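Shown next, in structure tokens, is the structure this report addresses.
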Amino acid sequence: MQETPTITAAEIARLAGVGRAAVSNWRKRHADFPAPVGGTAASPEFDLGQVEQWLHAQGKLPELASADRLWRHLAAASQSPAAGLAAVGALLLARQRVQRPGRSADPQLKPLLPDIDALVDELGPQGAFDALWQRFSAPGPGRPFATPDDLADLMAGLAGVGGGSVLDPAAGSGATLRAAVRAGCTSAYGQEIDEDLARLAGLWLALRDVAGEVCTGDSLRADAFAGRTFDAVVCHPPFGTTNWGDEELGHDPRWIVGTTPRTEPELAWAQHALAHLRAGGHAVLLMPPTVASRRAGRRIRAELLRRGALRAVIALPPGVAAPHGVPLHLWVLRRPAPDAPPPARTLLIDAAGGDAAETCPRILAVWRAFAAAPDAEVEEVGFARAVPVIELLDEEVDLTPARRQPAVGGEATGEHLVRTRERLAAIVGDLPGLMPQVTPAPEGPDGEFLSVGELARAGALQLLGPIRASSSEGGGPSVGGPSVLTVQDVLSGEGPSGRDDGRLDQEIRLAAGDVVVPMIARQLTARVVTTDGALLGRNLYLLRPNPAALNSWFLAGQLRTSANEKQASSLSGTLRFDIRRAQVRRLSLDEQRVHGEAFLRLDAFESAIRQATALGAELVQLTADGLANGGLRPEHRPR
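If you're matching positions, the sequence shown starts at 1 in the UniProt record's numbering and goes up one per residue.
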């Protein structure tokens, strides 16, 4: 930790809830604004305490809760937020165990002791650590992605961790271990390659006097629990790693169903989990959906089925675990008892089309019924099926739940059709209210216009990008890394769906209020970013308005006109745009806000139109399918 916490101009802006241009103006207009204490001329750093005092004196700093104030100081003072939180956690644990000594032995925490004391007085050591943990784990730039609590609770429930010991060999910051404790496990163990995250997970357990430990290290290459078995294993392993130790681990005794192929690292984690289960114990792993069908893993999947080790594959709704936008799978494994006959069926659940909050309890109920009677038939049309193992052992051994579900019957088709029709009718009914109310201007189109290039030179906006692919060969997907806004996301009006593959030539973080424009598209499109944190993807312009000069929604609406489509398109074709040539009408900020509100409503209207189009197409397909297969019949209407 730094002895004197510092803060950048961008962080000052976030602290005060203003744009970065406002901080620049304060520095120019106020002689008493704190002078830089470090950094560079282009990126100066300021003393956090001095900045807070100045903002408070100016009335620009809202009062914060004790936890918010301590977390802000901790994040600014630490090179790594995880390391900083771990240092505070160690202090809180020491205080809890010796009834709070007067001072910390760690001199690096000295500047934070008053805030730590205040938070401990308010919440106690456990509560103080939890309050800081909530701020550490909140989504944001540079934050690690933890397994969400709802998903971790589902995993713990499927594994049946209550009353037993549990292991997480890829513990991260301990999300699944905390879920296991909530579910009533008696001891919790973990291993994590990141030392700071391992310390955090271990501290959370220690502060609650939960038996167990979290070790640091690579579970596959250096198993900290070699030879030990547990009642349950829960794990969110890293996805898509290419260097996981396959060469040195070729004949590892953990490969109880066969040597794991180099291109199947997730199946190595599955076998690692099985090797650490007692007979009859269950493991639950979060998996990418491709593991269920990749050709290289057919042999391992088949052996898991033949031996009765793979008991269920569950397709989850998209987006249940950031930053992954695809419907991930849960694999439920069971360590077979010696000489026990393998079960005849495996449960496949397809919840990919549902809502996570609604489907998680249903998943758990279906699994528990299946586990209680594994030979019974389970068939919930369009959702769950207990599939005979012999049926799964075909040439592909494809375990994707959606491909093994029975055809939807007429009754289910009819229910789906009614729901789709009702949703379509509701959206269509809302359309008139979404359309902004406008009237012709008496004087007709007029006004003064400035180009985006001129606005950038005047400081009214920053123009960044477009980002290109890096020429380096390194990279590969960053597991748990930030999401990326792609051109397709902008064109479809969706949130960020891409992943950082390590080959962007620069990293530009998006902030709420940014305006993004694809460089190449069938028509000029501009979208306003509404959340912080994602990275700007390739072939996108980023326009960052100065809020004192430009309204974001006004700017986006001005850019997407048919006139600008002609103005900004290249002479060689209409698909490539130079956004610097686009024209923006000069209006006062108050007038911009009025226009911006109209453009915002227009954007909502356009989104509703897209939804109605998609639902209309779905309704047509449902009706055609139902009529063709006999599930629906036309109503006879006399002429």
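Don't be surprised by glycine CBs; every beta carbon is placed ideally from N, CA and C.
Since the structure is predicted, the reported quantities are computational estimates derived from the model, not experimental observations.
Check residue i in the structure and name its three-state DSSP category.
i	result
G261	Sequence inspection shows Pro at residue 261; the Gly mentioned does not correspond to that position. Here P261 sits in coil by DSSP.
W244	coil
T420	helix
W255	coil
S187	strand
P388	strand
P545	strand
F554	helix
A402	helix
T216	strand
Q50	helix
G157	helix
I193	coil
G631	coil
S497	coil
T530	coil
H329	strand
R307	coil
R610	helix
R576	strand
H282	strand
S472	For S472, the predicted model reports a pLDDT of 39, less than 50, meaning its position is unreliable and no value from the coordinates is stated.
F33	coil
D168	strand
P477	Reliability fails at P477, whose pLDDT of 35 lies under 50, so the model's placement of it is uncertain and no value is given.
Counting C-beta neighbours from all protein chains within 10 Å, is the total for residue i 16 or more, i.e. buried, or is it exposed?
i	result
L627	exposed
V516	buried
N564	buried
residue 659	Residue 659 is absent from the structure shown; the chain starts at 1 and stops at 639.
A394	Per the sequence presented here, residue 394 reads as Asp, with Ala not at that position. Exposed, since its Cβ has fewer than 16 Cβ neighbours within 10 Å.
G190	buried
T359	buried
S572	Confidence is the limiting factor: at S572 the pLDDT is only 44, short of 50, which leaves the residue's position unreliable and the question unanswerable from this model.
E379	exposed
E192	buried
D375	exposed
V438	exposed
P341	exposed
H329	buried
M1	Interpretation of M1 is limited by its pLDDT of 45, a score under 50 that renders its predicted location unreliable; the figure taken from the coordinates is listed afterwards. Answer is buried; the Cβ neighbour count reaches 16.
N551	buried
A9	buried
E52	buried
E635	exposed
Whose C-alpha, out of the options, is nearest the C-alpha of residue i?
i	options	result
E494	V528, I508 and S137	V528
E195	P81, R301 and R580	P81
L203	H236, D252 and A128	A128
residue 641	A357, R294 and P466	Outside the shown range of the chain (1 to 639) lies residue 641, about which nothing can therefore be said.
D489	G513, A179 and T525	T525
G59	A41, H416 and A16	A16
E377	A582, T346 and E597	T346
R20	G596, W244 and P44	P44
V332	D47, I520, G308 and A42	G308
G459	R27, N243 and N546	N546
P125	F46, A206 and V51	A206
A211	S24, R178 and V326	R178
D578	L464, L485 and A608	L464
R311	V257, A371, R362 and I300	A371
G280	T613, N629, E11 and P343	P343
N243	P237, R457, R262 and G39	R262
L93	G616, I116, L424 and S24	I116
V257	D47, R362 and R298	R298
H272	V23, R334 and P289	R334
E11	G319, A548, F46 and G160	F46
What I want to know is whether the C-beta of residue i ends up closer than 7 Å to one or more non-hydrogen atoms of the ligand FMN.
i	result
D209	The ligand content of the structure shown is nil, which means the ligand FMN is not present either.
Exercise. For the 8 Å Cβ check, are there 3 or more pairs between the region 174-185 and the region 229-244?
Worked result: Contact between the region 174-185 and the region 229-244 is present, because at least three Cβ pairs lie under 8 Å.
Problem set entry | Cβ pair count under 8 Å reaching 3, the region 588-605 against the region 378-389 | The answer is no - the region 378-389 does not touch the region 588-605, with fewer than three Cβ pairs under 8 Å.
Exercise. Touch check for the region 263-274 and the region 360-367: three-plus C-beta pairs under 8 Å?
Worked result: Taking 8 Å as the limit for Cβ pairs, the verdict is that the region 360-367 does not touch the region 263-274.
Exercise. Are the region 282-293 and the region 145-163 touching by the rule of at least three beta carbon pairs closer than 8 Å?
Worked result: Segments in contact, yes.
Exercise. So, do the region 304-323 and the region 341-357 have three or more beta carbon pairs nearer to each other than 8 Å?
Worked result: Here the region 304-323 makes contact with the region 341-357; the two share three or more CB pairs at distances below 8 Å.
For this session: Decide yes or no for the touch test of the region 162-175 against the region 200-215: beta carbon pairs closer than 8 Å, at least 3 of them.
Result: Between the region 162-175 and the region 200-215, the count of Cβ pairs shorter than 8 Å is three or higher; the stretches touch.
Problem set entry | Whole runs of the alpha helix (DSSP H) within the region 317-383, excluding any shorter than 4 residues | Contiguous alpha helix (DSSP H) elements confined to the region 317-383 occur at 356-372, taking only those with 4 or more residues.
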